[in-house]
Amino acid sequence: MVHALSEIQRVLTPDGILIDLRPILDHWHVEVASAREVRETGRVQDFPMGLADDEAANRAMATAESNRWFKRESEEFFPLYYSWDSANEIEEWIHDEWENFIGLGDETKQATRSAWALGDGDSRVRVRVKMLLTRWRKI
Amino acid sequence: MTLFKDPEGNEKKHLHRSVNFNSKRVLEIGCGEGRLMWQYASASSLTIGLDSDKNALRVASIDRPTKLDNKVHFSAAQAEYLPFRKETFDIAVLAWSL
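Here's what the structure looks like:
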């Protein structure tokens, strides 16, 4: 990662900008949402591999900053939703795509299934992903 | 399975609030199938999408809007060895890839 940041610094013009945009694990919220209401049904479980990835990325940027390759200009968090048609689909997706990084506990699975089954006809199941956007300036 | 990713467009909104892409030369590292790139590339003067996943780049090439044919290009290079001269880009975007 640090080598990649060194390369990015090399190919950027003087005063060039680096945008670091990525999700940050933080026990993301699971919700059942319809046009009428949003109901939180639990939080995801953060797994060690995902947390280690976040740490490694933070360390790489800290190294780039201490090497005076970049200076941090701004940082913000915002929500980004992944949204599925049903409770089954979110379980499938997490199992197939995110299984090393996050999981759903039995209680959250059950609460989500129930809320979706009893919810409005237009109910969808979603995860509120915590996103970090940091703007860096080449030094 | 029907998955909607960021139906509210929060990512695009925050990205454009953070940086002005107008007439800039942009390098996106980890562009994947180009989902994020399509949100800003039309404003740039040139956008290069980099990813080590050749299958993803193939999809990105197919999905690239015709109006961006001359503006958006792809490279299967590794981020650790960028095949570009120094000081080539005004903006670099690390897209879910650090």
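Chains A and B are the protein sequences, given in the same order. Using the working numbering, read the first sequence as starting at 1 and increasing by one per residue. Using the working numbering, read the second sequence as starting at 1001 and increasing by one per residue. No residue lacks a Cβ here, since even glycine has one placed at the ideal position from N, Cα and C. If you're wondering where the values come from, they're calculated on a predicted model, not measured in any experiment.
Asked                                                                                                                                                        : Found
Could you name the residues that DSSP lists as bridge partners for A:K71?                                                                                    : A:R137
What did DSSP end up calling A:P79 once you bin it into helix, strand or coil?                                                                               : strand
May I ask you to report which of helix, strand or coil DSSP gives A:G50?                                                                                     : helix
Which residues of the segment 77-90 of chain A have a Cβ closer than 8 Å to any Cβ of chain B? Give them in chain order.                                     : F78, P79, L80, Y81, Y82, S83, W84, D85, E89
For B:R1064, which three-state DSSP category applies?                                                                                                        : coil
Using the rule of at least 16 other Cβ atoms within 10 Å of the residue's Cβ for burial, across every protein chain shown, is A:G121 buried or exposed?      : exposed
Listing by chain order, which chain A residues have their CB less than 8 Å from the CB of B:V1072?                                                           : Those within 8 Å of B:V1072 in chain A number zero; the least Cβ separation is about 17 Å.
Excluding five sequence neighbours on each side, which residues of the same chain lie with their C-beta closer than 6 Å to the C-beta of B:V1059?            : E1033
On the DSSP bridge list, what partners appear for A:V38?                                                                                                     : A:A33
For B:R1025, does the count of other Cβ atoms within 10 angstroms reach 16, so buried, or fall short, so exposed?                                            : buried
Compare the C-beta of B:H1014 against all C-beta atoms of chain A and say whether one is closer than 8 Å.                                                    : yes
Would you say B:T1047 faces chain A, with C-beta separation under 8 Å as the test?                                                                           : no
Between the segment 124-131 of chain A and the segment 24-35 of chain A, are three or more C-beta pairs nearer than 8 Å?                                     : yes
Can we say the segment 1027-1047 of chain B touches the segment 1010-1017 of chain B, given the rule of at least three CB pairs closer than 8 Å?             : yes
Check the Cβ of A:V30 against every Cβ in chain B and list those closer than 8 Å, keeping chain order.                                                       : Ordered by position in chain B, no residue passes the 8 Å Cβ test against A:V30, which lies about 15 Å from the chain.
Around the Cβ of B:A1041, are there at least 16 other Cβ atoms within 10 angstroms (buried) or fewer (exposed)?                                              : buried
Buried or exposed: A:A4, going by 16 or more other Cβ atoms within 10 Å of its Cβ?                                                                           : buried
Look up A:K109 in the DSSP assignment and say whether it is helix, strand or coil.                                                                           : helix
Report all residues from its chain with a CB closer than 7 Å to the CB of A:R135; omit the five preceding and five following residues, and keep chain order. : I17, I19, E73, S74
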